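So the sequence lines, in the order shown, correspond to chains C and E. Just add 1199 to the spot in the first sequence (first one is 1) and you have my numbering. Just add 1199 to the spot in the second sequence (first one is 1) and you have my numbering. Each residue gets a CB set at the ideal place from its N, CA and C atoms; glycine is no exception. Since the structure is predicted, the reported quantities are computational estimates derived from the model, not experimental observations. What follows is one structure encoded as structure tokens, with my remarks underneath.
Protein chains: 2
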Amino acid sequence: MSLENSNDRRDPEGSVGHVTPQKLVVEQPLRLACGIVLPTHTLVYETYGTLNQSRSNAVLICHALSSNHHAAGVYEDDSKPGWWDHYIGPGKAIDTNRFFVVGVNNIGSCFGSTGPTSVNPETGDPWGANFPPLRARDWVESQKLLMESLNIDCWAAVIGGSLGGMQAMRWSLEHPDKLLNAVVIASSMKLTAQNIAFNEIARRAIKSDPDFCDGHYLLEDKVPLRGLALARMIGHVTYLSDELMGQKFGRDLRMGDLIQGKTDPVEFQIESYLNYQGDKFSDFFDANSYILITKMLDYFDLAREYNHDPVAAFSHAMCNFLVISFSSDWRFSPSRSQEITDALIAAGKSVSYIAIDSEHGHDAFLLPNQRYQDALGGYLSRVADQLEGVAP
Amino acid sequence: MSLENSNDRRDPEGSVGHVTPQKLVVEQPLRLACGIVLPTHTLVYETYGTLNQSRSNAVLICHALSSNHHAAGVYEDDSKPGWWDHYIGPGKAIDTNRFFVVGVNNIGSCFGSTGPTSVNPETGDPWGANFPPLRARDWVESQKLLMESLNIDCWAAVIGGSLGGMQAMRWSLEHPDKLLNAVVIASSMKLTAQNIAFNEIARRAIKSDPDFCDGHYLLEDKVPLRGLALARMIGHVTYLSDELMGQKFGRDLRMGDLIQGKTDPVEFQIESYLNYQGDKFSDFFDANSYILITKMLDYFDLAREYNHDPVAAFSHAMCNFLVISFSSDWRFSPSRSQEITDALIAAGKSVSYIAIDSEHGHDAFLLPNQRYQDALGGYLSRVADQLEGVAP
Chain C
1200 MSLENSNDRR DPEGSVGHVT PQKLVVEQPL RLACGIVLPT HTLVYETYGT
1250 LNQSRSNAVL ICHALSSNHH AAGVYEDDSK PGWWDHYIGP GKAIDTNRFF
1300 VVGVNNIGSC FGSTGPTSVN PETGDPWGAN FPPLRARDWV ESQKLLMESL
1350 NIDCWAAVIG GSLGGMQAMR WSLEHPDKLL NAVVIASSMK LTAQNIAFNE
1400 IARRAIKSDP DFCDGHYLLE DKVPLRGLAL ARMIGHVTYL SDELMGQKFG
1450 RDLRMGDLIQ GKTDPVEFQI ESYLNYQGDK FSDFFDANSY ILITKMLDYF
1500 DLAREYNHDP VAAFSHAMCN FLVISFSSDW RFSPSRSQEI TDALIAAGKS
1550 VSYIAIDSEH GHDAFLLPNQ RYQDALGGYL SRVADQLEGV AP
Chain E
1200 MSLENSNDRR DPEGSVGHVT PQKLVVEQPL RLACGIVLPT HTLVYETYGT
1250 LNQSRSNAVL ICHALSSNHH AAGVYEDDSK PGWWDHYIGP GKAIDTNRFF
1300 VVGVNNIGSC FGSTGPTSVN PETGDPWGAN FPPLRARDWV ESQKLLMESL
1350 NIDCWAAVIG GSLGGMQAMR WSLEHPDKLL NAVVIASSMK LTAQNIAFNE
1400 IARRAIKSDP DFCDGHYLLE DKVPLRGLAL ARMIGHVTYL SDELMGQKFG
1450 RDLRMGDLIQ GKTDPVEFQI ESYLNYQGDK FSDFFDANSY ILITKMLDYF
1500 DLAREYNHDP VAAFSHAMCN FLVISFSSDW RFSPSRSQEI TDALIAAGKS
1550 VSYIAIDSEH GHDAFLLPNQ RYQDALGGYL SRVADQLEGV AP
């Protein structure tokens, strides 16, 4: 497998340019947290930047619920950049002139890595609803196999937002000597009852769709589009702030008129927007993956095996931490990041915490924001300085 | 029609005791805001307490999205008290020893008053999805016809929470000389984009259910139970606060175990609770009513006809106002009540505003709370004193 990256590393536009996903078939068995063993599994991934001589400048990007390995750059046949393109590239916060950046699609997802849409070798049919339940630690273990195949011994940083931050935290406990830094953005040590409630409603929306066929819709040549669209709409509202929705849509109408004496149908802009987002999502995401990964979110509880004591948990970590939260994020509120920071401090770890003002809700972790960019870039610049021997 | 109430008016238990719903067939045509005329319509209502000689002590209770005329007391065959029984009764905040209290099920709803499940006399079939779109003002006009049939000239107070508060505000503008007081609880002058978003997801959940049959499920002998349950689950989460859900359910499991090495299904208590609430609701509420009334909520905009100026709107009001909000209510946050209060003050109206600390979210307006009870009771006690000539 090639670790070279064909992009111009000094691209003045700050883009990693054209990228090509790669595929790794991991031949080693992966024992999942549930006890089930995947004899082999496939991981689709992308890399940006160049691995240095000492193979010490690798950064792992962990995706959240619905994204994937395509974190930066563009494909030949698609002008849409990767989901974190604003933050990954030459001269950007995650600087591909200095770091070798790895984006991976995790197992259980639906963008080429082994998941519910893959064929179960034992049956010859798609796994569908029979795909084993997953935990964030399973993603970490699978990512570690990718790491080994890339011949990387230690990540300069493991970085992620939301569920991605959970993976970064789990890395710091499961393989403390395999990362120097964990960047935990808009994340939480465990979901609240309200978080779980929204996830459960989304799952029930999917399961209520007759085309779900108890999760075996692929065998029936059906797709539970209506249920998946609803699930996404529910999620989407919780990723946005009330304030932003007010600014962006307010009570503007897309159709009809609310003056009296009319019976014409009325549609608010926000309704149209949400319906569009739901429908778009249902065209590319897999319903079983949505159920599987929302359950993974619900089940995540960083300190469960540490007697529910996050300080005891983090005492196992050896890396440095950067924790970032966003003011209007009510899905994973700043309080959750403060809990992480408090536990890290109590465990005597090195942690930088920055609370960013943003009106973009949970989605803020994906969006341009100067202060966020400066904080992430500043922190990682120092990491690169240390790797390059510029800083102590 | 009898205005007498057979209850013991000095019931030491503070209950209005057994109650019986009454039915009024309004023979006068009702022109709806959309322009459509209902030639006749039926209203189901209940009364508690006794109308005084001067017919001046009548209080109207306006229900919200999913409730009805049964606000207090119990039916012979059902031990479950009315939805506001804690606040209505002899010696209670809305004191039936002093007030004649009227609870009415509004048109478009599904508890006996004319609505989508009623037969459209023009077709002989249930109205279903063809029931005309409604506005809060239509409920007010219909309530005014009930008022006239009861031979009441002026309400001592019109009281309501949530959508009920919208009716109270609308009463104050449409018929300023027909009420002395408006009590507006956990309400808003208009919904935010986020409010509308949640309502639209609920509506789409209903419409996505194949048993919805484009709203004509009654003709097909079907009921969109799955969609309606989902709609209720979405609503329900937004009525509760994050904090309360954390206290009440946390991450407790109802089934299964999250330790590693298990593949058994896991269910959180909050999942079980929500699913139960959804299923229970779908057994008694009508899907078309849910769509109709959530749209009524979305369309409500107190100051639309007053050049979007709430001060100009409220300048038409003649009654006194009591406005109440609850700290953890994120569906109709205290800011919304403050906006109402600010506009009333700017319009030179008499307004008392009380912000109640509560962890119960939007649902707080339905639940026992000493400070809330004292505020409502204190305000209304003074209203009764004035009616009875005890206070100036």
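Residues that Q1476 of chain E contacts on chain C, provided the C-beta gap is smaller than 8 Å = Translated into positions along the second sequence, residue 1476 of chain E becomes position 277. Correct list: empty, because the minimum Cβ distance to chain C is about 10 Å.
To the nearest angstrom, report how far apart I1592 of chain E and K1343 of chain C are at their CA atoms.
-> This structure leaves residue 1592 of chain E out entirely; chain E is present only between 1200 and 1591.
Does DSSP put M1495 of chain C in a helix, a strand or coil?
-> What you label residue 1495 of chain C is simply residue 296 of the first sequence in a count that begins at 1. Helix, per DSSP.
Quick one: what's got a C-beta closer than 7 Å to Y1571 of chain E's C-beta in the same chain, skipping five residues either side?
-> Taking the first residue of the second sequence as 1, we reach residue 1571 of chain E at position 372. So the qualifying residues of the chain are I1523, I1555.
Could you name the residues of the same chain whose beta carbon sits closer than 6 Å to that of L1378 of chain E, not counting the 5 residues immediately before and after it, in chain order?
-> Here residue 1378 of chain E is taken as the residue at index 179 of the second sequence, counted from 1. The residues are W1354, V1357, W1370, C1518.
Residue burial classification, R1530 of chain C (beta-carbon count within 10 angstroms, cutoff 16) = For the purposes of this step, residue 1530 of chain C is taken as residue 331 along the first sequence, with counting starting at 1. The residue in question, R1530 of chain C, is buried, as its Cβ has 16 or more Cβ neighbours within 10 Å.
Backbone secondary structure at C1412 of chain C - three-state DSSP | Locating residue 1412 of chain C in the first sequence gives position 213, where the first residue counts as 1. It is helical.
Thinking C-beta only, is V1218 of chain E closer than 8 Å to V1273 of chain E?
-> The sequence position of residue 1273 of chain E within the second sequence is 74, counting from 1. The sequence position of residue 1218 of chain E within the second sequence is 19, counting from 1. Against a cut-off of 8 Å, the Cβ pair of V1218 of chain E and V1273 of chain E comes out as a contact.
Should Q1366 of chain C be flagged as near chain E, meaning a C-beta pair shorter than 8 Å?
-> As a working mapping, residue 1366 of chain C is identified with position 167 in the first sequence. Chain E, which has no Cβ nearer than 8 Å to the Cβ of Q1366 of chain C, makes this no.
Bridge partners - G1302 of chain C, DSSP secondary structure assignment = Within the first sequence, numbered from 1, the residue matching residue 1302 of chain C stands at position 103. Answer by DSSP bridge pairing, in chain order: C:E1245, C:I1260.
Could one say the Cβ of F1416 of chain C lies closer than 8 Å to chain E's Cβ atoms, at least one of them?
-> As a working mapping, residue 1416 of chain C is identified with position 217 in the first sequence. The question names Phe, yet the displayed sequence has Tyr at residue 1416 of chain C. Not an interface residue.
Listed in chain order, which residues of the region 1391-1419 of chain E have Cβ atoms closer than 8 Å to some Cβ of chain C?
-> T1391, A1392, Q1393, I1395, A1396, F1397, E1399, I1400, R1403, A1404, S1407, D1408, P1409
Could you name the residues of the same chain whose beta carbon sits closer than 6 Å to that of D1337 of chain E, not counting the 5 residues immediately before and after it, in chain order?
-> Looking up residue 1337 of chain E in the second sequence gives position 138. Cβ within range, chain order: L1231, A1232.
Counting only the same chain and skipping the five closest in sequence on each side, list residues whose C-beta sits under 7 Å from that of D1584 of chain C.
-> Here residue 1584 of chain C refers to the residue found at position 385 of the first sequence. Hits under 7 Å: A1590.
On the DSSP bridge assignment, give the partners of I1287 of chain C in chain order.
-> Counted from its first residue, the first sequence places residue 1287 of chain C at position 88. The partner list for I1287 of chain C (beta bridge, DSSP) reads C:I1293.
Locate the alpha helix (DSSP H) running through F1483 of chain C, then write down its first and last residues.
-> Here the question's residue 1483 of chain C lines up with position 284 in the first sequence. Note, F1483 of chain C: alpha helix (DSSP H), 1468-1483.
Is the distance from the Cβ of R1453 of chain C to the Cβ of E1442 of chain C below 8 Å?
-> The residue labelled residue 1453 of chain C in the question sits at position 254 within the first sequence. The residue labelled residue 1442 of chain C in the question sits at position 243 within the first sequence. Cβ distance not < 8 Å, so R1453 of chain C and E1442 of chain C don't count as in contact.
For the region 1225-1253 of chain E, which residues have a beta carbon sitting closer than 7 Å to at least one beta carbon of chain C?
-> A1232, C1233, G1234, I1235
Output yes or no for whether 8 Å exceeds the beta carbon distance between F1480 of chain C and R1431 of chain C.
-> Along the first sequence, read from residue 1 onward, the residue named residue 1480 of chain C stands at position 281. Along the first sequence, read from residue 1 onward, the residue named residue 1431 of chain C stands at position 232. Taking 8 Å as the Cβ cut-off, F1480 of chain C and R1431 of chain C qualify as a contacting pair.
Can you give me the Cβ contacts of R1209 of chain E inside the same chain, cut-off strictly under 8 Å, excluding the 5 residues immediately before and after it?
-> Taking the second sequence and counting its residues from 1, the one referred to as residue 1209 of chain E is at position 10. In this prediction, R1209 of chain E has a pLDDT of 43, which is less than 50 and means its spatial position is unreliable; nothing more can be read from the coordinates.
Does the distance from the CB of F1520 of chain C to the CB of V1383 of chain C come in under 8 Å?
-> To locate residue 1520 of chain C, count along the first sequence from 1; it is residue 321. To locate residue 1383 of chain C, count along the first sequence from 1; it is residue 184. Yes, the pair counts as a contact, with Cβ atoms nearer than the cut-off.
Can you have a look at T1391 of chain C and say buried or exposed, based on whether 16 or more other CB atoms are within 10 angstroms of its CB?
-> Here residue 1391 of chain C refers to the residue found at position 192 when the first sequence is read from its first residue. So T1391 of chain C counts as buried.
Beta strand (DSSP E) containing N1519 of chain C: first to last residue?
-> Along the first sequence, read from residue 1 onward, the residue named residue 1519 of chain C stands at position 320. 1519-1525 is the extent of the beta strand (DSSP E) around N1519 of chain C.
6 Å CB neighbourhood of N1398 of chain E in its chain, flanking five on each side removed | Counted from its first residue, the second sequence places residue 1398 of chain E at position 199. Once the five neighbours on either side are set aside, the close Cβ partners of N1398 of chain E are T1493, D1497.
At least three beta-carbon pairs within less than 8 Å, the region 1307-1319 of chain E to the region 1483-1490 of chain E = yes
Start and end of the beta strand (DSSP E) containing I1358 of chain C?
-> Sequence index remark: in the first sequence, residue 1358 of chain C carries index 159 (1-based). Counting along the chain, the beta strand (DSSP E) containing I1358 of chain C begins and ends at 1356-1360.
DSSP puts S1536 of chain E in a beta bridge; with which residues?
-> Working through the second sequence from its first residue, we reach residue 1536 of chain E at position 337. None, per the DSSP bridge assignment.
What are the residues that DSSP puts in a beta bridge with A1554 of chain C?
-> Residue numbering aside, residue 1554 of chain C sits at position 355 when the first sequence is read from its first letter. In the DSSP output, where bridge partners are listed per residue, A1554 of chain C has C:S1524.
In chain C, what lies closer than 7 Å to Q1459 of chain E by C-beta?
-> Stepping through the second sequence from its first residue, residue 1459 of chain E is reached at position 260. Chain C residues near Q1459 of chain E: A1232.
Comparing the C-beta of R1209 of chain C with each C-beta of chain E, is any distance below 8 Å?
-> As a position in the first sequence, residue 1209 of chain C is number 10, starting the count at 1. Here the model assigns R1209 of chain C a pLDDT of 43, short of 50, so the residue's position is not dependable, and the following value carries that caveat. No, R1209 of chain C does not count as interfacial toward chain E.
State the start and end residues of the unbroken beta strand (DSSP E) segment that holds A1511 of chain E.
-> Position 312 of the second sequence, counted from the first residue, corresponds to residue 1511 of chain E. Unbroken run through A1511 of chain E is the alpha helix (DSSP H), 1509-1513; no beta strand (DSSP E).
In whole angstroms, what separates the C-alpha of W1283 of chain E from that of G1327 of chain E?
-> Residue mapping note: residue 1283 of chain E aligns to position 84 of the second sequence, counting from 1. Residue mapping note: residue 1327 of chain E aligns to position 128 of the second sequence, counting from 1. Taking the straight line from one Cα to the other gives about 29 Å.
Residue(s) in a DSSP beta bridge with P1325 of chain C | As a first step, residue 1325 of chain C is located in the first sequence; it is residue number 126 there, counting from the start. Bridge partners of P1325 of chain C: C:V1318.
Going by alpha carbons, who is nearest to S1308 of chain C out of C:I1260, C:F1330, C:T1322?
-> As a position in the first sequence, residue 1308 of chain C is number 109, starting the count at 1. Looking at the Cα atoms, C:F1330 is the closest of the given residues.
Could you tell me if F1525 of chain E is buried or exposed, where buried requires 16 or more neighbouring beta carbons within 10 angstroms of its beta carbon?
-> Residue mapping note: residue 1525 of chain E aligns to position 326 of the second sequence, counting from 1. F1525 of chain E should be labelled buried.
Y1475 of chain C, buried or exposed, once every other Cβ within 10 Å from all chains shown has been counted against 16 | On the first sequence, position 276 is the one that residue 1475 of chain C refers to. Exposed, since its Cβ has fewer than 16 Cβ neighbours within 10 Å.
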